[in-house]
Amino acid sequence: MSAEATVRDLSKIAEKDQEQAYFDAAKEHREAAAASWAPSNFSGGTAAERRAMQLEANRRTIVAPDEPAAFGRIDADGEDPLYIGKVRILNEQKDLLVTNWQSKAAEPYSQATAQEPLGLSRKRTYDCLGNEIRDFEDLVFGDIAAAVVELESAKYGGDALLQAMQRRRSGAMVDIVRTIQAAQDKLVRAAKDQLLVVQGGPGTGKTAVALHRVSWLLFNFQDELPPEDVLVVGPNPTFTRYIRRVLPDLGDENVQQQALQQLLAADIRVGGRESDNVASVKGSSRMSDVLATGLQQRVRIPNADIKIRRRGSGSTVTANAGELAEIIRSISSATFADGRLALRQQILRLVGPQLGAARGTVLESALDPVSLDAEVEKIWPQITPPQFIRELLGSSERLQRAGEGFLSAVEISLLHRPSAPRIADEPWTMADLALIDEATEIMRGEPTLYGHIVVDEAQDLSEMQLMAIRRRSKTGSMTVVGDIAQSTGPYSRNSWDDVQVLLGSSLPSAVVELEHGYRVPKEVFDVALPVLKSAAPAVTPPTILREAGQQPRFIRTTQTDFADAIVAAVFEHSGRGRFVGVVACEERWPELRTAFEAKDLQWSQSSDGGLSSAINLVTPEDSKGLEFDAVIVADPQAILDMPHGGRMLYIALTRTTTYLDVVYPAGRLPVLLGGPDEAPVPGMPERDAAELGEHPSVRSEENVEQSNPSSGPDQADPDVLRAPFGRIELDKLGPFELGLAESNATHLAEKIRQSVQPAILPAVLEKIAIILSGND
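Add 3 to a position in the sequence shown, counting from 1, and you land on the number used in our numbering.
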């Protein structure tokens, strides 16, 4: 090491010590401020003062005790350095020690570049363990060398981002505030009062942008946007649970986060299945008119006078049919329930003279309540929204009458299904929930309204679902994110046009695109790109900025040993502490679950609505928005054969941050991935199981933890590696155990080969065999 380098390192150590002292002091002030807001400290004063103090305390951002005081710093010429963290920190004199990342002053931290430094001379990013500074990275603006370094680092967005991408995943999404990039930050800080649609490919950070935008809005619009006034809608419970910790970790509690199913009908159990054609009709906005018409048709105009018994008497009073008909036609109410109430009041008015109203008697008390309710029910029934939808779908005649002029005869026939014996047994589908929500609006009105709504994976929402979300918005202020290339299911679309229309209001509307992909490595995206071009040719692929140094592997097996091959891959990745996702179509699940159970694997599955921190079995549909350290795509042809199979396969291939295994039975590698001749995709290692040992599920360890050159003086002959051990013990192993043994042996052999000179390698192996046998 040169003297200059030594001086530079010593200088950095000294500066790190100074920074650590600053962090320690700032954390002490942060903890003191948090303690001062304990309820016991403002128990005095008037009730109004206590409520005001409690309200202010609730609005304060609280972070975990182990959060570092800051994660970055920016320097401008002639000004004191500005430290940036998750919360603002002041000392006793109210001097600013750390500003929160949502503040205007912190904006240059994420947006400054060598080309546009925004007045900065330096940007510093800290790598911390708790509040301990392990290292820091500086970008000095105006320095030509620094500009070159920045341009080079643009491959991955900087060291902090690279470290974040290399971090092992778990069953929960984490905040990215430390690594927000300039393009992302501009969307986070976009104007509140608009419909902002963010289009982004896999790994562009669109979900993180939307959630961090919520935190930014809550800080900058505290007086008009409390946390309870913000709604985040996810596509399913698995996704909602995956993202639920991001906002609390940013210090924002009490934001409403709901899966679409919970939002539309939380008390309805979804268990039915239907074709995409049926779901497509149910999701059409025309169903709003069908339901409104169908509900109006439930009101019957009587063709004869009605009679209502007096209370405690056999005599009756009469309401004239003609007058009733006029009243019913004239009732104009906000909801179906209000109309029923109005009818009841009008009936009382009609029969009032017959009850001696002049005596001041309360009209209703003079009538038999059972008789009155029965007559109102005959005209204007009291039904629940689920009951109305069940009875509409269960009656061809009602569907025909309600759908006339809105639906074709074929569409009406598609909607009809026999009702279950009990409403509790009705096979409700996701498409039904939007109908129930619409019926609830028509019948009762007054949904909970929100000041800002975030919608994730919005590319798959039906028109009815979009309308359900829009009616919950006070003003139309929304952030909508998704990827058209991942639009699948009955409501798949190729643009955001109809979404803008259905969610639109008088507020401005814009579609913006996140162009850079950070999560999915280039090696993986190269495999997925042909699939994307085939499935969504109009979509511009994201520019991938990161390489993982790990090539995807194509693993060929037999149909019989397919599940064992999946298990072997799972064992390999989970054994190295990786967060694993096995993406398979549901038809493959039974055999995979059987194989998992046979090997005592502990796993979670997306059908249960959650993820474990280790092994997860997920469908392509449920994998949207999720990310794993290692992804095993099971039988890609089966995924390709699904409706919208190309997009489903694209989704499955792009869920990983590092490792991708594509496991397929021989003869079933899709053309888009190198089939049908099963020639490996250029640059993508692929091995026939027969080349790797006796068991077809064994696969090459190539490109997993190390390179594996095919030639050269250090390449050992496989027979030499095996020679000292023989085959006797191997013959006692079952197929799965043999595959796992071969996998581990290959890995170990490669490590030995790399560390031993070729001339003495046979002797070393023989010595190892003697030691393992216990004869040394």
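Ideal Cβ placement from N, Cα and C applies to all residues, glycine included.
DSSP beta-bridge partners of residue i
i, result
"R125", "D78 and V143"
"M481", "L198 and I456"
"K310", "T321"
"A185", "According to DSSP, which records beta bridges pairwise, A185 is partnered with nothing at all."
"I87", "G75 and T102"
"A340", "DSSP output for A340 lists no bridge partner at all."
"D371", "Paired residues: none, contrary to the question."
"Y653", "Per DSSP, none; premise fails for Y653."
"R556", "D664"
"C131", "I136"
"G274", "BP columns for G274 are empty, so no partner."
"Q3", "Any answer about residue 3 is impossible in this case: the structure gives the chain only from 4 up to 779."
"H576", "Answer is none; H576 lacks a bridge partner."
"H519", "T546"
"S607", "N619"
"V583", "I618 and A633"
"G492", "Paired residue(s): none; G492 is not in a bridge."
"S476", "Y453"
"A513", "L199"
"L93", "L99"
"T597", "Answer is none; T597 lacks a bridge partner."
"T659", "F631"
Residue environment, residue i, which counts as buried when at least 16 other CB atoms sit within 10 Å
i, result
"T321", "exposed"
"S465", "buried"
"A488", "buried"
"S399", "exposed"
"D632", "buried"
"N239", "buried"
"T563", "exposed"
"G408", "exposed"
"R522", "buried"
"T597", "exposed"
"G485", "buried"
"L775", "exposed"
"I445", "buried"
6 Å CB neighbourhood of residue i in its chain, flanking five on each side removed
i, result
"Y112", "G75, I77 and I87"
"A157", "Bear in mind that a pLDDT of 47 at A157, under 50, signals an unreliable position, so the number given afterwards is only what the model happens to contain. No residues qualify anywhere along the chain."
"V180", "W104"
"F565", "P668"
"A37", "none"
"G342", "I334 and S336"
"R127", "R76, F139 and D141"
"V621", "G584, V586 and S609"
"I331", "I304"
"R347", "V379"
"S288", "E466"
Cβ-based neighbour list, residue i, same chain, cut-off 8 Å, excluding 5 preceding and 5 following
i, result
"V284", "M290, L410, E414, L417 and L418"
"R314", "S368, A369, L370, D371 and P372"
"S422", "R393, E394, L396, G397 and E429"
"D188", "E110, S113 and Q114"
Cut-off 7 Å between Cβ atoms - residues of its own chain near residue i, not counting five sequence neighbours on either side
i, result
"I271", "P389, W431, L436 and I439"
"E70", "K89"
"A328", "I304"
"R658", "G584, V586, S626, L629, E630, F631 and V634"
"P544", "G204, L532 and L535"
"F224", "K195"
Supposed contact pair residue j and residue i - C-beta distance, whole angstroms, cut 8 Å
i, j, result
"T116", "A185", "6 Å"
"L85", "T102", "6 Å"
"L234", "L228", "The Cβ separation is near 11 Å, so there is no contact."
"V542", "L535", "7 Å"
"A637", "R591", "6 Å"
"P524", "T661", "7 Å"
"L266", "V515", "Not quite, the Cβ-Cβ distance comes to about 25 Å (not below 8 Å), so this is no contact."
"A72", "R33", "6 Å"
(request) Answer yes if the stretch 267 to 279 comes into contact with the stretch 348 to 355, meaning at least three C-beta pairs across the two stretches below 8 Å, and no otherwise. (result) no
(request) For the stretch 503 to 518 and the stretch 455 to 471, state whether three or more C-beta atom pairs, one from each stretch, are separated by less than 8 Å. (result) yes
(message) Three Cβ pairs or more, each shorter than 8 Å: is that satisfied between the stretch 442 to 453 and the stretch 463 to 479?
(response) Short answer: they touch.
(message) Does the contact criterion of 3 or more C-beta pairs under 8 Å hold for the stretch 371 to 385 versus the stretch 298 to 310?
(response) yes
(request) Could you tell me whether the stretch 579 to 587 touches the stretch 625 to 644, where touching means 3 or more Cβ pairs closer than 8 Å? (result) yes
(request) State whether the stretch 246 to 266 contacts the stretch 204 to 215, with contact taken as three or more CB pairs (one from each stretch) at a distance under 8 Å. (result) Per the Cβ contact rule, the stretch 246 to 266 is in contact with the stretch 204 to 215 (3 or more Cβ pairs under 8 Å).
(message) Check whether the stretch 249 to 259 and the stretch 131 to 141 touch, using three or more Cβ-Cβ pairs below 8 Å as the test.
(response) no
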